[in-house]
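Inspection log for the structure reproduced underneath, given as C-alpha cells.
Protein chains: 2
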Amino acid sequence: MSKQVYNFGAGPAMLPVPVMEQIRDEFLDFQGLGVSVIEVSHRAKQFEKVLLDAQESFRQLTNLPDNYKILFVHGGARMQFAALPMNLAARSATKKCLYAETGNFAKLANKDAKVYGDIRVITSSADSNYDHIPEITSEMVDQDAAYLHITSNNTLYGSRYNSFPETGAVPLIADQTSEILSRVIDYSKFGCIYAGLQKNLGPAGTAIVVIREDLLGHAVAETPTLLNYEVCAKDNSLTNTANTFAIYVTGLVLQWLQQQGGVAAIEKVNEQKAKTLYDLIDGTDYFRGVIKPECRGTMNVSFNLSSEDLEAKFLKEAGERGLYALKGHRSVGGIRASIYNAMPLAGIEALATFMREFEQNNG
Amino acid sequence: MSKQVYNFGAGPAMLPVPVMEQIRDEFLDFQGLGVSVIEVSHRAKQFEKVLLDAQESFRQLTNLPDNYKILFVHGGARMQFAALPMNLAARSATKKCLYAETGNFAKLANKDAKVYGDIRVITSSADSNYDHIPEITSEMVDQDAAYLHITSNNTLYGSRYNSFPETGAVPLIADQTSEILSRVIDYSKFGCIYAGLQKNLGPAGTAIVVIREDLLGHAVAETPTLLNYEVCAKDNSLTNTANTFAIYVTGLVLQWLQQQGGVAAIEKVNEQKAKTLYDLIDGTDYFRGVIKPECRGTMNVSFNLSSEDLEAKFLKEAGERGLYALKGHRSVGGIRASIYNAMPLAGIEALATFMREFEQNNG
Chain A
1 MSKQVYNFGA GPAMLPVPVM EQIRDEFLDF QGLGVSVIEV SHRAKQFEKV
51 LLDAQESFRQ LTNLPDNYKI LFVHGGARMQ FAALPMNLAA RSATKKCLYA
101 ETGNFAKLAN KDAKVYGDIR VITSSADSNY DHIPEITSEM VDQDAAYLHI
151 TSNNTLYGSR YNSFPETGAV PLIADQTSEI LSRVIDYSKF GCIYAGLQKN
201 LGPAGTAIVV IREDLLGHAV AETPTLLNYE VCAKDNSLTN TANTFAIYVT
251 GLVLQWLQQQ GGVAAIEKVN EQKAKTLYDL IDGTDYFRGV IKPECRGTMN
301 VSFNLSSEDL EAKFLKEAGE RGLYALKGHR SVGGIRASIY NAMPLAGIEA
351 LATFMREFEQ NNG
Chain B
1 MSKQVYNFGA GPAMLPVPVM EQIRDEFLDF QGLGVSVIEV SHRAKQFEKV
51 LLDAQESFRQ LTNLPDNYKI LFVHGGARMQ FAALPMNLAA RSATKKCLYA
101 ETGNFAKLAN KDAKVYGDIR VITSSADSNY DHIPEITSEM VDQDAAYLHI
151 TSNNTLYGSR YNSFPETGAV PLIADQTSEI LSRVIDYSKF GCIYAGLQKN
201 LGPAGTAIVV IREDLLGHAV AETPTLLNYE VCAKDNSLTN TANTFAIYVT
251 GLVLQWLQQQ GGVAAIEKVN EQKAKTLYDL IDGTDYFRGV IKPECRGTMN
301 VSFNLSSEDL EAKFLKEAGE RGLYALKGHR SVGGIRASIY NAMPLAGIEA
351 LATFMREFEQ NNG
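Quick note, the sequences are listed as chains A and B, same order.
Quick note on numbering: the first sequence equals residues 1 to 363 in the numbering used here.
Quick note on numbering: the second sequence equals residues 1 to 363 in the numbering used here.
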C-alpha cells in the first residue's frame with residue numbers, strides 16, 4: 001500500500017484515486033483483449049469507442065452545443081499558442097488578434113503568436129505582478145479583430161476571470177488549462193476553449209480544443225497538418241496516431257466526474273476547498289495571499305510567508321508530512337497549493353492543519 | 001492472468017512484457033513517492049533523472065557521437081514532416097529539399113513539406129506499388145539541397161534500405177519510426193534521424209529526434225516554439241510539459257533492450273524472426289510476399305493470399321487463436337505481421353504454425 005500523501009503539484013497533477021486504480025488494474029488487459037490500452041491501434045474499434053465516449057462525456061458535462069467540435073491535439077496548451085493564430089488570425093483582414101495578459105502563460109501565448117499576426121495586448125496586469133484580472137470593457141474589443149484571447153485561470157498565481165468580457169462578434173478564446181471543468185461555464189459564449197490535459201483531465205502531452213464549427217477553415221497554408229483544427233475535426237483527432245493513453249485516461253476522469261455529480265457538484269466542492277484555505281490566509285497576517293480577493297479562483301491558492309527562509313522551512317516540513325509540491329512556480333516563488341478537481345477535502349484539511357501548526361510553532 | 005495473445009499490430013504496438021509489468025506494479029507509487037509517474041512534475045528531480053537516463057541509454061545503445069542531440073518532440077513522426085523543413089529548409093538558399101518516395105508515409109512526408117520549401121521527389125517506387133527501394137546514386141543528390149529525406153523502413157509494406165545512399169555534404173535524414181533500434185546503424189552518416197515512439201520505443205504521441213548540432217539554428221520564424229529543434233535542444237525537451245509517461249516508458253524499454261544485449265543482439269533475433277516467416281512465404285505459392293527479397297526488412301512482413309475472401313478468413317481464424325492485428329493497412333490490404341523488437345520468437349512460431357495449418361486446410 002502506498003503511503004498517504006497529498007500532491008499539490010500544479011501539473012502534471014494528481015488524478016482521482018479510483019481512476020488511477022482502474023488504470024493499474026486493467027493495464028495489462030484492456031477490455032479482455034489480453035493486451036494493454038497502450039498497445040492497441042488508435043484505429044481499433046475498442047479505441048475508437050474510448051475516444052467517442054470521452055467526447056460524449058465532455059459534451060454532457062459541459063452542455064456543449066452541437067455546433068462545437070471536441071478535438072484532441074498534440075503538444076499541450078503551449079502548442080496551441082501557435083496553432084490558434086495559425087488557424088484563426090486570417091479571419092481578420094489585417095490578422096489583428098487581441099490578447100489580455102494576466103500571467104506568465106498569457107504572456108507566452110501572445111509572444112508565441114506574434115509571428116503569425118498583428119498581436120495587440122489590450123490589457124495587462126504585469127505592472128502589479130499579475131495580482132488581479134483587469135476589466136475588459138466592450139470598447140476595448142476592436143470588432144475588426146480575429147479573436148480575443150484570455151487565460152481564464154492563471155496557474156502561477158491563482159487569479160481567475162469571475163466574469164467574462166462581452167466581445168460582440170469577436171470570438172472569445174480561453175486557455176482553461178488550469179480550471180477546465182472546475183466550474184459551470186456557458187460554452188456558447190466562447191468561440192474556442194482549450195486546455196492541456198495534465199491538470200484537471202489526464203496525463204501530459206495533449207490538449208483538448210473545443211471550437212465552434214464556423215471558426216474552422218481559416219488556417220494559413222503554413223499550418224502544420226496536425227495543428228490544423230479543420231483537419232483534426234474532419235479526422236476526429238485521428239489524422240495520425242493520437243496520444244491514445246492520454247485520451248483513455250481523460251475518458252476515465254470524465255466518467256469519474258459524472259459520478260461525482262458533474263461540474264455543478266464539483267464546483268461547490270471546489271469553492272469549499274478554496275474557501276477553507278483562503279479563510280485561513282485572510283484570518284492572519286502570517287500568510288499573505290498573492291491575489292486580490294475579488295479575482296481569486298478555486299484551483300491554485302498562492303501565498304507568501306514573511307521570508308524566503310521561512311518559506312523553505314514550510315516546504316520542507318510540509319514534504320515530511322506528505323504534503324507535496326507546494327513550492328510556487330520558479331518565476332514567482334512563495335507557496336502554491338494547486339487543488340484541482342481530484343484533490344479531496346481531506347487533503348485540504350491536512351494542509352490547513354499543517355499551516356495552523358506551522359504558524360503556532362514559527363510565529 | 002491475461003490470456004496468451006500475440007499482438008502483430010503496426011503501432012501502437014506490443015511492448016516488452018517485463019516493462020509492461022513494471023509499469024503496472026509501480027503505477028500508483030513511483031520511486032516510493034506515493035504518487036504515480038503521471039502525477040509527478042516534469043520539472044521534479046525524479047522525472048529529470050528519467051529523462052536523462054533515457055537519453056543516456058539511447059546514446060549508449062546507438063554509440064551516438066557527442067555532437068548529436070536527443071530530443072523528445074510532441075506529435076509523433078507526422079508532426080516532424082512539417083517540423084523538418086521548418087527547421088532545415090533554410091540551409092539551402094532556394095529551400096531545396098530532396099525526398100525519396102518509397103511508401104505512404106514517405107509520400108506524406110514530402111506532401112506535408114511542400115508549403116515550406118522547394119520539395120523535389122528525386123525517386124519513387126509508387127508505380128510498382130512501393131514493392132522495392134529504388135537506388136539513389138550520388139549524382140541524384142544535388143549538393144545545393146538542404147537535406148535528403150528517406151523513410152528507412154516502410155511500415156505499410158515492409159521494405160527497408162539495406163544500404164544507405166552516399167549524400168556528400170547534404171545531410172541525410174531518415175524517418176526510422178518502424179525500425180529504430182532494430183539494427184545497428186552508423187548514426188554519424190546521418191544529419192538527423194527521427195521516429196514516433198509507438199512501435200519500437202513506447203506509447204504514442206511523441207517522437208524522438210536525433211540531430212547533429214550543426215543543423216540547429218536554421219528554423220524559419222513561423223516555426224512553432226515547440227517544433228523548433230534548437231529551442232527543444234536548449235531546453236532539453238522541457239520547453240513545456242513533456243509527455244512524461246511516454247518518456248518514462250521509453251526509458252524502461254531502452255533499459256530492457258540493454259538487458260537483451262543491445263542493438264547488435266536484437267538485430268540477430270530480428271533477422272531470425274523475419275527469416276522464419278519469409279522462408280515459409282518463399283517456400284510456397286500459397287502466400288505471396290509484397291516486397292522484393294533484396295529490399296525486405298525485418299520489422300513488417302507483408303503478404304497476400306489468392307483472394308480477399310481467403311484473407312478475411314485468415315484474419316478471422318488468426319484472431320481466434322490470439323494472433324491479433326494482422327490486417328494490412330487500410331490503403332494496402334492483405335496481411336501484415338509487424339514484428340518489432342518486443343515480439344518474442346514464440347509469437348513468430350505461433351504465427352508460422354497457424355500459416356502452415358491454414359494452407360493445409362484451405363489449400
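Beta carbons: idealized from backbone N, C-alpha and C, even for Gly.
Just so we're clear, the structure is a prediction, and the values are computed from it rather than from any experiment.
- Interface criterion met: the Cβ of ASN243(A) is under 9 Å from a Cβ in chain B.
- Chain A has a Cβ within less than 9 Å of the Cβ of GLU39(B).
- Under the three-state reduction of DSSP, SER138(A) is assigned to helix.
- Using a Cβ-Cβ cut-off of 7 Å, ASN7(A) is close to VAL35 and GLU39 of chain B, given in chain order.
- Annotation: the continuous alpha helix (DSSP H) that includes THR62(A) extends over 45-62.
- Among the CB atoms of chain A, none fall inside 9 Å of the CB of TYR147(B).
- Relative to ASP29(B), the option among TYR340(A), GLN31(A), LYS316(A) and GLU21(A) whose CA is nearest is GLU21(A).
- For a cut-off of 8 Å, the C-beta gap from GLU359(B) to THR298(B) is around 23 Å, too long to register as a contact.
- Here LYS292(B) carries a coil assignment [DSSP, helix/strand/coil].
- Residues of chain A with a Cβ closer than 8 Å to the Cβ of PHE27(B) are, in chain order, MET20, ILE23, ARG24 and PHE27.
- Ranked by Cα distance from TRP256(A), the first of PRO12(A), MET14(A), VAL19(A) and ALA10(A) is VAL19(A).
- For GLY75(A) and ALA246(B), the gap between their C-alpha atoms comes out near 13 Å.
- Beyond the five residues adjoining it in sequence on each side, SER188(B) comes within less than 6 Å, by CB distance, of PRO65 in the same chain, given in chain order.
- Taking a C-beta distance under 9 Å as the contact criterion, MET355(A) and LYS273(A) do not qualify as a contact pair.
- TYR116(B) belongs to the set of residues whose beta carbon lies under 9 Å from a beta carbon in chain A.
- Spatial neighbours of ARG183(B) in its own chain (CB-CB distance under 6 Å, excluding positions within 5 residues in sequence) are listed in chain order as GLU267.
- Remark: C-beta atoms of ALA77(B) and ASN240(A) approach each other more closely than 9 Å.
- Using a C-beta cut-off of 8 Å, the stretch 276-290 of chain A makes no contact with the stretch 77-90 of chain A, since fewer than three inter-stretch Cβ pairs fall below that distance.
- Residue state for GLU101(B) is assigned as strand, using DSSP reduced to three classes.
- Scanning ALA146(B), THR137(B) and ILE185(B) for the CA closest to the CA of LYS95(B) turns up ALA146(B).
- For ASN240(A), the neighbours in chain B by C-beta distance under 7 Å run, in chain order, GLY76 and ARG78.
- Within chain A, not a single residue places a beta-carbon under 8 Å from that of HIS218(B); the smallest gap is close to 16 Å.
- Three or more beta-carbon pairs drawn from the stretch 137-155 of chain B and the stretch 172-180 of chain B are found closer than 8 Å, and the two stretches are therefore classed as touching.
- Within chain B, no C-beta atom comes less than 8 Å from the C-beta of GLN260(A); the nearest is roughly 19 Å away.
- Listed along chain B are PRO12 and ALA204, each with a C-beta nearer than 8 Å to that of HIS42(A).
- Exposure of LEU52(B) is indicated by the presence of fewer than 16 other C-beta atoms within 10 angstroms of its C-beta.
- Chain A has no Cβ within less than 9 Å of the Cβ of ALA350(B).
- Residue pairing for THR123(B): DSSP places it in a beta bridge opposite ALA100(B).
- When CB distances to chain A are screened at a threshold of 7 Å, not a single residue of the stretch 161-173 of chain B falls below it.
- Close partners of ALA82(B) in chain A (Cβ separation under 9 Å): GLU222, THR223, PRO224, THR225, LEU226 and LEU227.
- For GLY196(A), the enclosing beta strand (DSSP E) covers residues 192-196.
- Under DSSP, HIS74(A) shares a beta bridge with THR206(A).
- Three or more beta-carbon pairs drawn from the stretch 326-346 of chain A and the stretch 301-308 of chain A are found closer than 8 Å, and the two stretches are therefore classed as touching.
- Against chain B, the beta carbon of ALA246(A) has neighbours under 7 Å at GLY205, listed in chain order.
- For the set GLU101(B), ARG91(B) and ARG59(B), the Cα lying nearest the Cα of TYR116(B) is the one of ARG91(B).
- Cβ-Cβ separation between GLY202(A) and VAL253(A): approximately 6 Å, consistent with a contact (criterion under 8 Å).
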